[in-house]
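Data block below; observations after.
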Amino acid sequence: MLYGIVAAITALFLAAALTALLRGPALRLGLHDRRQRQRRVPLFGGAAVVLATCLVAVAGDWTGIAPLGDGIEVLLVAGGAVAALGLVADVWRLNARFLVVGTAVAAAFVVPYEDTGPVAGAAGVAWITFVALAFRSLDHADGVAGTVGVVTAFGVAACAAVEVMDGLAVLLSVFAAALTGFLMHNWPPARVALGACGSLFAGFLLAAAAVITRAGHDPVTGTAVLFALTAVAGADVALVVLSRRLAGRPLLRGGPDHLAHRLRRLGITAQGATVLIAAAAFSAVLAGVLVHAGRADARAVWWVAGGALVVVFGLLRVAVYGPPRARGRRAAQAGRPSRARGARRGVRVADGSHEARPAVRPGAGPAPVYAPRRQSEDAAHHSDPGGRRAGRSVSSQVKASLRVRNG
């Protein structure tokens, strides 16, 4: 217990220091969050979280104060491999297929097949992959992924403590403390971003730890607990997929259509949106922990599912997409030919006929403007009979020409 507190405090300050140190190199290398348009937010915050978590956990295992165990060591190695894959995605634009395949391969090494069986084990691999990618999608606003990760880590650590998995509980506590140290720099407005490295590592570690904790229990109750522990990340994915499908947009095309984006459209501040999402995550995680510990019936998860559905369908009504660009471009192009045809027809004169514009020879420059400023109808109809105006004689032909040109 004492080592867990000391390890958590160490991970918190180590992650905060590493995040501050790695921010400068990320700025110099031009590695910033591509989803930020208004300001440059450097990456490598996720690398700081991964390094702090692994260093503190390995130090405790190496000294023998808090041995992790065989399965936990494999989990840490697999999580490090997923984090490395995410770091590659941060530096270069990596295809999403590589992230899916790499995360699934890493998940296949951590699922305890002897306790789950082959079918449930395959479902566990799919679930871990989904949650890891969902956490990457959850990293769409400042502080959201880190806050949800902290809440979920404490919930899964509580489930591991119920199962007397001390090594896993300590690892998750260290990870939660490292995320808290990172949030010192990531709270809105963020000075550093989590990136694919940190978000994939967070989702993979939390989902894999939850699967290991629930291995050997009733599969129906286990499914309910896993859903409750990661309900916020799953609701964000469902919201984005439904929204883009209904709008006819590609699924992999980014946009301001996530949870925090829609809450901001409702007038909520960035800090308020993060707090609301964290409160929703806490409620769902609390239900999952109570069901896992046997303090609540599995039917309590239905309240979590119902709340998630209400939030998803309610936020679907928030308009986040602007008018299609192609439609506006076609409308602009449709208006051009009419103006061009009007220009070719010439100028409409007073009697309803058209007078053709004089042709301009190539190289002759712009056509001169012969007509003076348009006269009022009173001046045109009440001109003096002698054809004199302001003491200057004007011939009737010139007057007719001016009348035709001026309309």
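Throughout, our numbering is defined as the position within the sequence shown, counted from one, plus 519. Note that the Cβ used here is the ideal one computed from N, Cα and C, for glycine as well.
- Query: Is residue 636 closer than 7 Å to residue 804 when the C-beta atoms are compared?
  - Reply: For the purposes of this step, residue 804 is identified with residue 285 of the sequence shown, where counting begins at 1. For the purposes of this step, residue 636 is identified with residue 117 of the sequence shown, where counting begins at 1. No, Cβ-Cβ distance for residue 804 and residue 636 is not below 7 Å.
- Item | 7 Å Cβ shell around residue 537 - same chain, five flanking residues per side excluded | Position 18 of the sequence shown holds residue 537. Cβ contact annotation for residue 537 (same chain, cutoff 7 Å, sequence separation greater than five): 567, 570 and 571, in chain order.
- Query: Which of the three DSSP states, helix, strand or coil, is assigned to residue 659?
  - Reply: Residue mapping note: residue 659 aligns to position 140 of the sequence shown, counting from 1. Residue 659: coil per DSSP, three-state reduction.
- Kindly indicate which residue of 730, 633 and 664 has the alpha-carbon position closest to the one of residue 648. As a first step, residue 648 is located in the sequence shown; it is residue number 129 there, counting from the start. For residue 648, the nearest C-alpha among the options comes from 730.
- Message: So, for residue 716: in the same chain, excluding its five sequence neighbours on each side, which residues have a beta-carbon less than 7 Å away from its beta-carbon?
- Response: For the purposes of this step, residue 716 is taken as residue 197 along the sequence shown, with counting starting at 1. Hits under 7 Å: 565, 566, 569, 602, 605, 606 and 609.
- Helix, strand or coil: which one does DSSP assign to residue 736? Here residue 736 is taken as the residue at index 217 of the sequence shown, counted from 1. Coil.
- Item | Run of the alpha helix (DSSP H) containing residue 551, from where it starts to where it stops | On the sequence shown, residue 551 is found 32 positions in, with the first residue counted as 1. Counted as a single uninterrupted DSSP element, the stretch harbouring residue 551 is not any alpha helix (DSSP H), since DSSP gives it neither H nor E.
- Message: If the criterion is Cβ atoms closer than 7 Å, does the pair residue 711 and residue 542 meet it?
- Response: Here residue 711 corresponds to residue number 192 of the sequence shown, with the count starting at 1. Here residue 542 corresponds to residue number 23 of the sequence shown, with the count starting at 1. The answer is yes: Cβ separation under 7 Å.
- Taking only the alpha-carbon atoms, compute the straight-line gap between residue 668 and residue 540 and give it to the nearest angstrom. Here the question's residue 668 lines up with position 149 in the sequence shown. Here the question's residue 540 lines up with position 21 in the sequence shown. Here the alpha carbon of residue 668 sits roughly 22 Å from the alpha carbon of residue 540.
- Item | Distance between beta carbons of residue 575 and residue 526, contact taken as under 8 Å | Position 7 of the sequence shown holds residue 526. Position 56 of the sequence shown holds residue 575. Going by Cβ atoms, the distance from residue 526 to residue 575 rounds to 5 Å, so yes, they are a contact pair.
- Message: Given this structure, state the Cα-to-Cα distance separating residue 929 from residue 548, to the nearest angstrom.
- Response: Outside the displayed span of the chain (520 to 926) sits residue 929, for which this structure offers no information.
- Query: Closest by CA to residue 832, which one among 820, 579, 793 and 778?
  - Reply: Start at 1 with the first residue of the sequence shown, and residue 832 comes out as number 313. For the residues 820, 579, 793 and 778, the minimum Cα distance to residue 832 belongs to 778.
- Message: Using only the alpha-carbon positions, how far apart do residue 743 and residue 750 sit?
- Response: The count along the sequence shown starts at 1 and reaches residue 743 at position 224. The count along the sequence shown starts at 1 and reaches residue 750 at position 231. About 10 Å.
- Determine the closest residue to residue 738 out of 695, 728, 642 and 748, with distance taken between C-alpha atoms. As a first step, residue 738 must be located in the sequence shown, where it is residue number 219. The shortest C-alpha to C-alpha distance from residue 738 to any of 695, 728, 642 and 748 is the one to 642.
- Task: Taking residue 781 as part of the alpha helix (DSSP H), name the residues at either end of that continuous run.
- Result: The count along the sequence shown starts at 1 and reaches residue 781 at position 262. Residues 778-784.
- Message: Assuming the contact rule is C-beta atoms closer than 8 Å, residue 662 and residue 793 should be a hit. Round their C-beta distance to whole Å, please.
- Response: Here the question's residue 662 lines up with position 143 in the sequence shown. Here the question's residue 793 lines up with position 274 in the sequence shown. Their Cβ separation, rounded to whole angstroms, is 4 Å, which keeps residue 662 and residue 793 in contact under 8 Å.
- Examine the ligand MG and report whether any of its heavy atoms sits within less than 6 Å of the Cβ of residue 633. In the structure on display, the ligand MG does not appear, and there are no ligands present to speak of.
- Task: Quick one: using the 10 Å Cβ neighbour count with 16 as the cut-off for buried, is residue 769 buried or exposed?
- Result: Here residue 769 corresponds to residue number 250 of the sequence shown, with the count starting at 1. Answer is exposed; the Cβ neighbour count stays below 16.
- Taking the C-alpha atoms as reference points, what is the distance between residue 797 and residue 723? Within the sequence shown, numbered from 1, the residue matching residue 797 stands at position 278. Within the sequence shown, numbered from 1, the residue matching residue 723 stands at position 204. Residue 797 and residue 723: Cα-Cα distance of roughly 19 Å.
- Task: Would you give the residue range spanned by the alpha helix (DSSP H) that residue 796 belongs to?
- Result: Numbered from 1 along the sequence shown, position 277 holds the residue referred to as residue 796. That run of the alpha helix (DSSP H) goes 789-811.
- Item | Where residue 708 falls: helix, strand or coil (DSSP) | Within the sequence shown, the letter at position 189 stands for residue 708. Three-state result, residue 708: coil.
- Item | C-beta contact flag for residue 534 and residue 700 at 7 Å | Here residue 534 refers to the residue found at position 15 of the sequence shown. Here residue 700 refers to the residue found at position 181 of the sequence shown. Yes, the Cβ-Cβ distance between residue 534 and residue 700 is below 7 Å.
- Return the chain-ordered list of same chain residues with a C-beta closer than 6 Å to the C-beta of residue 721, the five sequence neighbours on each side being excluded. What you label residue 721 is simply residue 202 of the sequence shown in a count that begins at 1. Answer for residue 721: 654 and 668, listed in chain order.
- Are the beta-carbon atoms belonging to residue 695 and residue 677 less than 7 Å from one another? Position 176 of the sequence shown, counted from the start, is the residue given in the question as residue 695. Position 158 of the sequence shown, counted from the start, is the residue given in the question as residue 677. In this structure, residue 695 keeps its C-beta atom at 7 Å or more from the C-beta atom of residue 677.
- Task: Please say whether residue 755 and residue 718 have beta carbons closer to each other than 7 Å?
- Result: Taking the first residue of the sequence shown as position 1, residue 718 is located at position 199. Taking the first residue of the sequence shown as position 1, residue 755 is located at position 236. No. Outside cutoff.
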